[in-house]
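Participant:
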Amino acid sequence: MAQDVLTTAILIIAAIISVVVLVNAIYPALFTTTGSLTSVSGMASDRAKSDIRIVMANSPNSTALQVWVKNTGSVQVPDSRITYTDVYFGDKGTMARASPGSSAGLWWAYSLDDTDDNGHWDTGETLEMTLYDPGATRFTAGDHQIKLVLHNAASFEGTITI
17 MAQDVLTTAI
27 LIIAAIISVV
37 VLVNAIYPAL
47 FTTTGSLTSV
57 SGMASDRAKS
67 DIRIVMANSP
77 NSTALQVWVK
87 NTGSVQVPDS
97 RITYTDVYFG
107 DKGTMARASP
117 GSSAGLWWAY
127 SLDDTDDNGH
137 WDTGETLEMT
147 LYDPGATRFT
157 AGDHQIKLVL
167 HNAASFEGTI
177 TI
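So the sequence shown is residues 17 to 178, counted in my numbering.
Next comes the structure, spelled out in structure tokens:
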């Protein structure tokens, strides 16, 4: 009888230790997974709330193209993140990426009409982008494609007629 009680007690203690070890092993993994899912969900929500529209385009000369883009989404883009925007321009099948800032090839610069002076590209504010092609080969008469990919990977395409 004493042997049975001792054996049962040892088995109960072993079971409790096993449960504690199992919980200590699984809980951090569940916590990490929950954090990852929350992060991915937040990024997807940010992308879904982003929206921009090309309002107008103008080519003042053969080496420059001005494009006005309005933020129509509910996500504000900090001024420091605007340069993280990828800009692609050209005809279907021959689009090229423009670099932010002055470079030898296709490049772009911007001016933000920050109406509330808060340093962000807010809903309703317009961004004037100027694309430069020093070789004067891309801004020819006709229809051209432009694609903008914001810092949060939300992308927008449009057709510009020069």
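Even glycine gets a Cβ: it sits at the ideal position worked out from N, Cα and C.
1) Residues in its own chain within less than 6 Å of I162 by CB, not counting five upstream and five downstream?
2) Output the boundary residues of the beta strand (DSSP E) element that contains Q92.
3) Would you report the Cα separation of T139 and S75, rounded to the nearest angstrom?
4) Report all residues from its chain with a CB closer than 8 Å to the CB of V71; omit the five preceding and five following residues, and keep chain order.
5) Per the DSSP calculation, Q19 is bridged to which residue(s)?
6) What residue from Y126, S34, P94 and N168 has the CA that sits closest to N134's CA?
Facilitator: With the given structure in hand:
1) Position 146 of the sequence shown, counted from the start, is the residue given in the question as residue 162. Closer than 6 Å at the Cβ level, and outside the excluded window around I162, lie F105, G174 and I176.
2) Residue numbering aside, residue 92 sits at position 76 when the sequence shown is read from its first letter. Neither: Q92 is in no beta strand (DSSP E) and is coded neither H nor E.
3) On the sequence shown, position 123 is the one that residue 139 refers to. On the sequence shown, position 59 is the one that residue 75 refers to. T139 and S75: Cα-Cα distance of roughly 26 Å.
4) By 1-based counting over the sequence shown, the position of residue 71 is 55. Taken in chain order, the residues that qualify are W84, V85, K86 and T142.
5) Residue numbering aside, residue 19 sits at position 3 when the sequence shown is read from its first letter. Beta-bridge pairing links Q19 to no other residue.
6) Position 118 of the sequence shown, counted from the start, is the residue given in the question as residue 134. The residue with the shortest Cα to Cα distance from N134 is P94.
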